[in-house]
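K.L.:
The listed protein sequences correspond, in order, to chains A and B.
According to numbering that gives the first Met the number 0, the first sequence is numbered sequentially starting from 0.
According to numbering that gives the first Met the number 0, the second sequence is numbered sequentially starting from 0.
For each residue, glycine too, the CB sits at the ideal point set by N, CA and C.
There are 2 protein chains.
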Amino acid sequence: MAVNAKISLIGAGSGEFSLGIVRDLCMTDSMWGTTVSFMDIDEERLDAIHNVASRYTAELGADIQFEKTLDRRESLDGADFVINTAMVGGWRGWDDARAILAKYGYQRRIRLGSFHQFKLFMDIIHDMEELCPDAWYIQSANPVFDGTTLITRESDIKAVGLCHGHHGVRQIARLLGLDPDKVQAQSYGVNHFIWLKKFYYEGRDVYPLLDAWIENEAEAFWAGPDCGISDGMGRKAVDVYKRVGLFPIGDTVTPGGGAKFDVYHRDLETAQRWQEDPHGWMERHIKHVFTAVEKFKEVAADQSTKVTEAYPPKRTLESNVSIIDAIANDKPTVFQVNIRNDGAVPGIADDVAVEVPGLVSAAGIQGIRMEPLPRPILVHTLEEIMRMERNVQTFQSRDRGMLLEMLLLHPETRSPEDAKACLEEILDLPFNADMAEWYQ
Amino acid sequence: MAVNAKISLIGAGSGEFSLGIVRDLCMTDSMWGTTVSFMDIDEERLDAIHNVASRYTAELGADIQFEKTLDRRESLDGADFVINTAMVGGWRGWDDARAILAKYGYQRRIRLGSFHQFKLFMDIIHDMEELCPDAWYIQSANPVFDGTTLITRESDIKAVGLCHGHHGVRQIARLLGLDPDKVQAQSYGVNHFIWLKKFYYEGRDVYPLLDAWIENEAEAFWAGPDCGISDGMGRKAVDVYKRVGLFPIGDTVTPGGGAKFDVYHRDLETAQRWQEDPHGWMERHIKHVFTAVEKFKEVAADQSTKVTEAYPPKRTLESNVSIIDAIANDKPTVFQVNIRNDGAVPGIADDVAVEVPGLVSAAGIQGIRMEPLPRPILVHTLEEIMRMERNVQTFQSRDRGMLLEMLLLHPETRSPEDAKACLEEILDLPFNADMAEWYQ
Numbered sequence: 000m001a002v003n004a005k006i007s008l009i010g011a012g013s014g015e016f017s018l019g020i021v022r023d024l025c026m027t028d029s030m031w032g033t034t035v036s037f038m039d040i041d042e043e044r045l046d047a048i049h050n051v052a053s054r055y056t057a058e059l060g061a062d063i064q065f066e067k068t069l070d071r072r073e074s075l076d077g078a079d080f081v082i083n084t085a086m087v088g089g090w091r092g093w094d095d096a097r098a099i100l101a102k103y104g105y106q107r108r109i110r111l112g113s114f115h116q117f118k119l120f121m122d123i124i125h126d127m128e129e130l131c132p133d134a135w136y137i138q139s140a141n142p143v144f145d146g147t148t149l150i151t152r153e154s155d156i157k158a159v160g161l162c163h164g165h166h167g168v169r170q171i172a173r174l175l176g177l178d179p180d181k182v183q184a185q186s187y188g189v190n191h192f193i194w195l196k197k198f199y200y201e202g203r204d205v206y207p208l209l210d211a212w213i214e215n216e217a218e219a220f221w222a223g224p225d226c227g228i229s230d231g232m233g234r235k236a237v238d239v240y241k242r243v244g245l246f247p248i249g250d251t252v253t254p255g256g257g258a259k260f261d262v263y264h265r266d267l268e269t270a271q272r273w274q275e276d277p278h279g280w281m282e283r284h285i286k287h288v289f290t291a292v293e294k295f296k297e298v299a300a301d302q303s304t305k306v307t308e309a310y311p312p313k314r315t316l317e318s319n320v321s322i323i324d325a326i327a328n329d330k331p332t333v334f335q336v337n338i339r340n341d342g343a344v345p346g347i348a349d350d351v352a353v354e355v356p357g358l359v360s361a362a363g364i365q366g367i368r369m370e371p372l373p374r375p376i377l378v379h380t381l382e383e384i385m386r387m388e389r390n391v392q393t394f395q396s397r398d399r400g401m402l403l404e405m406l407l408l409h410p411e412t413r414s415p416e417d418a419k420a421c422l423e424e425i426l427d428l429p430f431n432a433d434m435a436e437w438y439q
Numbered sequence: 000m001a002v003n004a005k006i007s008l009i010g011a012g013s014g015e016f017s018l019g020i021v022r023d024l025c026m027t028d029s030m031w032g033t034t035v036s037f038m039d040i041d042e043e044r045l046d047a048i049h050n051v052a053s054r055y056t057a058e059l060g061a062d063i064q065f066e067k068t069l070d071r072r073e074s075l076d077g078a079d080f081v082i083n084t085a086m087v088g089g090w091r092g093w094d095d096a097r098a099i100l101a102k103y104g105y106q107r108r109i110r111l112g113s114f115h116q117f118k119l120f121m122d123i124i125h126d127m128e129e130l131c132p133d134a135w136y137i138q139s140a141n142p143v144f145d146g147t148t149l150i151t152r153e154s155d156i157k158a159v160g161l162c163h164g165h166h167g168v169r170q171i172a173r174l175l176g177l178d179p180d181k182v183q184a185q186s187y188g189v190n191h192f193i194w195l196k197k198f199y200y201e202g203r204d205v206y207p208l209l210d211a212w213i214e215n216e217a218e219a220f221w222a223g224p225d226c227g228i229s230d231g232m233g234r235k236a237v238d239v240y241k242r243v244g245l246f247p248i249g250d251t252v253t254p255g256g257g258a259k260f261d262v263y264h265r266d267l268e269t270a271q272r273w274q275e276d277p278h279g280w281m282e283r284h285i286k287h288v289f290t291a292v293e294k295f296k297e298v299a300a301d302q303s304t305k306v307t308e309a310y311p312p313k314r315t316l317e318s319n320v321s322i323i324d325a326i327a328n329d330k331p332t333v334f335q336v337n338i339r340n341d342g343a344v345p346g347i348a349d350d351v352a353v354e355v356p357g358l359v360s361a362a363g364i365q366g367i368r369m370e371p372l373p374r375p376i377l378v379h380t381l382e383e384i385m386r387m388e389r390n391v392q393t394f395q396s397r398d399r400g401m402l403l404e405m406l407l408l409h410p411e412t413r414s415p416e417d418a419k420a421c422l423e424e425i426l427d428l429p430f431n432a433d434m435a436e437w438y439q
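1) Of the residues R386/A, I384/A, N328/A and Y103/A, which one's Cα is nearest the Cα of A361/A?
2) At a cut of 8 Å, does the segment 26-40 of chain A reach the segment 64-71 of chain A through at least three beta carbon pairs?
3) Report the rounded CA-to-CA distance for E73/B versus V81/B, giving the unit in angstroms.
4) Does T269/A get closer than 7 Å to chain B when you measure Cβ to Cβ?
5) Should S366/A and V355/A be called a contact, given that it needs their Cβ atoms to be closer than 7 Å?
6) So, with DSSP's three-state summary, where would you put Y263/A?
7) Measure how close the beta-carbons of L161/B and Q183/B come, nearest whole angstrom, since I'm counting them as under 8 Å.
8) Am I right that I285/A and M232/A are in contact with their C-beta atoms under 8 Å? What's the rounded C-beta distance?
9) Does any CB atom of chain A fall closer than 7 Å to the CB of G400/B?
10) L100/B and I109/B - do their beta-carbons sit closer together than 7 Å?
11) Counting only beta-carbon atoms, is P415/B nearer than 7 Å to chain A?
12) Taking W31/A as the reference, which of L59/A, V333/A, F220/A and A300/A has the closest Cα?
13) Which residues in chain B have a C-beta closer than 8 Å to the C-beta of A418/A? List them in chain order.
14) Candidates T148/A, R386/A, C131/A and W135/A: which alpha carbon is nearest F117/A's?
15) Would you decide whether Q302/A is buried or exposed? Buried here means 16 or more other CB atoms lie within 10 Å of its CB.
16) Which parts of the segment 205-290 of chain B are runs of the beta strand (DSSP E), unbroken and 3 residues or longer, counting only runs that do not cross its ends?
17) For L100/A and chain B, any beta-carbon pair shorter than 7 Å?
18) May I ask you to report which of helix, strand or coil DSSP gives I82/A?
19) Ignoring anything shorter than 4 residues, give me the alpha helix (DSSP H) runs that lie fully in the segment 128-207 of chain B, in order along the chain.
20) With a Cβ-Cβ cutoff of 7 Å, do I63/A and T56/A count as a contact?
21) So if I threshold CB-CB distances at 8 Å, which residues from the segment 122-156 of chain A count as touching chain B?
22) Using CA coordinates, which residue listed in K259/B, V237/B and E411/B is at the minimum distance from E214/B?
23) Strictly by DSSP, which residues pair up with I99/B?
24) According to DSSP, is Q392/B part of a helix, a strand, or is it coil?
25) Rounded to whole angstroms, what is the Cα-Cα separation between Q271/B and I364/B?
26) Going along chain A, which residues have a C-beta under 7 Å from D266/B?
27) Have a look at G257/A and N337/A and give me their C-alpha separation to the nearest angstrom.
28) Whole angstroms is fine: what's the gap from P151/A's alpha carbon to P331/A's?
29) Below 8 Å CB to CB, which residues in the same chain sit around T476/B once its five sequence neighbours on both sides are set aside?
30) Report the residue from L426/A, V2/A, I384/A and D46/A whose alpha carbon sits nearest the alpha carbon of R399/A.
31) Could one say the Cβ of S396/B lies closer than 7 Å to chain A's Cβ atoms, at least one of them?
32) Can you pull out the residues from the segment 371-383 of chain B whose beta carbon lies closer than 8 Å to at least one beta carbon of chain A?
33) Mind checking if L69/A is an interface residue toward chain B, Cβ cutoff 7 Å exclusive?
34) Do you know offhand how far A140/A's Cα is from T84/A's?
35) Please report whether the beta-carbon of Q392/A lies at a distance below 7 Å from any beta-carbon of chain B.
36) Give every residue of the same chain whose Cβ lies closer than 7 Å to the Cβ of V243/A, excluding the five residues on either side of it in the sequence, and list them in chain order.
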């Protein structure tokens, strides 16, 4: 069986991610016949992914077609699935803001909400309403929680947010000596704040095993070479688990999710005791990304490289293609998804995007109804929701006053006068011209 | 017309407040025949209010009866209305905690939630379920927002929270040269975070007048002798109004509500520029309370004083008696009330107590449905709700771990180890014996 689906990949220049899609399509017979439309605003990167992807399918003899375009609307036109992985301007523009922020006494980098990302999300969605109103929108760009909530509030376009953070449970399985592929797990909450609820292996609850590992083996792991800084199974993660009753998964405790539960690294001495180093973790993470980008560039430039050797043909852990397959070919399967809550997690409003297991099929995505989050976790989750609401509603308001509120609430803001002056200087930066226009 | 209602007044020893109830009863013919049962755990204060109240009604020839008791259940037995104004232990017990907190580096006083108040509220409510299940419970003790939410979640006892903060609009009226008694105003939100929505005088919107006053006269007021520190019409209040679009009323911006919007007084210089002094404001407030207590003691001790001269017989601004009158004698009237939301304020969960105008009658209390709060205010309100949820749900959980979360989240907490040690020391204080038992 083959489909003739068109997948529009926005921000395709993030080579390794895009090639992952291609790999997964190649490994999924039922998706052969698909056309992937790569779209990016960076022509060089766009050419690179088109080049590598074409060589990849040729080497494997897979029936996948590719298009490339700098024109988003061309890519969206007639698409069945739209995967958005774009990061507008990366961190570059905000580097210019650092001198201004420092002048006003801010010690850390501040982003005033997610304007540039939100603007792109909504531009894509509005284009989709016109050019491919029945297509699925897959939100693979951050912030997934805020973005999925915004989009499902603003449009009827079918949308789902994806994040691979839930695979954090695989590390737990490995440490317990279990085959990660055989673990049956359910984590839930909101994106970057998810908690391991169900944890089964061959029909048996693994939580007791995890508790025994913590009791008997954790200290040795923490002292050994396999435990990284700010590790997902480190001292902090285990202590948070003890505090709230469910194990935190992925970026719930790691710096990738914003260094929550920061009492473990308020000062250097405490951070060292808990083996935490959020700044070092982020640097390492960024280095990984750069290394991957460099490798991809080299492979693209050297036509003599066998790309299936550089990137062996095995399935990634990303679920984009599997989810598309489940919808396009009606293969009802449960995946980790971010969707409008609508009662899946009791105690959270219907119009907030939750991360839950969901049944995906040609009928769409149906959330699996979970138990209420344990009370300590629910209360923390409400704080995440509040932060998201501030971000989303500030964008929706188009009100410069609401943007100012973000700065006024910042604990490092010295006075209302400072906040007002600082905001205007930041909005005057060339990078923020469209932001200044949005917030009247 | 006269009723034979029994009003149980818990915490009656706060003399001036209780005498206010008596005064209002005396001035309300339709409430004659009422019996007030004063209850307090402080016998001296209890005797004082019983003495003064009896003399008061005798001087006026009013038909109001009084009882006094140290036994709460005796007071509640057969009551039609229960007014709770009790403040457990005041701040005394927590003074003992200050040395401990200082040792762990906390610069300011911290209260770990509202355990002692919540425990009392729920003890009263559970007694009421047994002794007077059809009575109304009037929550006049702080925290009104948290307490009313807790009680309406935990019990079917009819409950309403009252606070006089909404009378802040009277100061605005006076400054604009209007008769406060003729102002038609609606403020709403959650207690200690309410916003002036409707502001009419003789059929005309007064907001334009207020805007003109801000434009032309505010500076002179701020520079003059009538503007107090942290004034409800001060620079901060006006700036917050400019920020969010509705005028903040009462403790929404004043230190009585917890010094919210603290960017106006983060450092001394900024505070002076904005004429803010939360600490001084609180000291002055506490001095007022002590002065009132002293005066009441003197009046009680000196039988030769004419009490109606010391406390002239005019109605207070408190609405307790008027609300009881509206219910007992079915006089449908709109009052400022704190009730379970149930849709009165869109965008806030049903089971959160909101402060809104409500129609009070023999049929109960029906919230007046308000427009959604303006977006900037809603987002701030969500933060208030989150703080309330943490407080209420920690109490409901009876989980010492959740109590620890409060301390772990405090920005001054230096490490998880510190938080754990500090919590245990605080719970070991004799004052907190019942709290230590509650949180297992």
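P.N.:
Looking at the coordinates:
1) N328/A
2) yes
3) 12 Å
4) yes
5) The sequence shown places Gly at residue 366/A, rather than the Ser named in the question. In this structure, V355/A lies closer than 7 Å to G366/A by Cβ.
6) helix
7) About 20 Å; that fails the 8 Å criterion.
8) Contact doesn't hold; Cβ gap of about 22 Å is too wide.
9) yes
10) yes
11) yes
12) L59/A
13) V262
14) T148/A
15) exposed
16) 246-248
17) no
18) strand
19) 143-153 and 167-174
20) yes
21) none
22) V237/B
23) Beta-bridge pairing links I99/B to no other residue.
24) helix
25) 44 Å
26) R413
27) 19 Å
28) For the sequence presented, residue 151/A should be read as Thr rather than Pro. Rounded to the nearest angstrom, the two C-alpha atoms are 22 Å apart.
29) The structure shown does not extend to residue 476/B, since chain B spans only 0 to 439, so no value can be given for it.
30) L426/A
31) yes
32) R374, P375, L377, V378, H379, L381 and E382
33) no
34) 4 Å
35) yes
36) P373, P375 and I376
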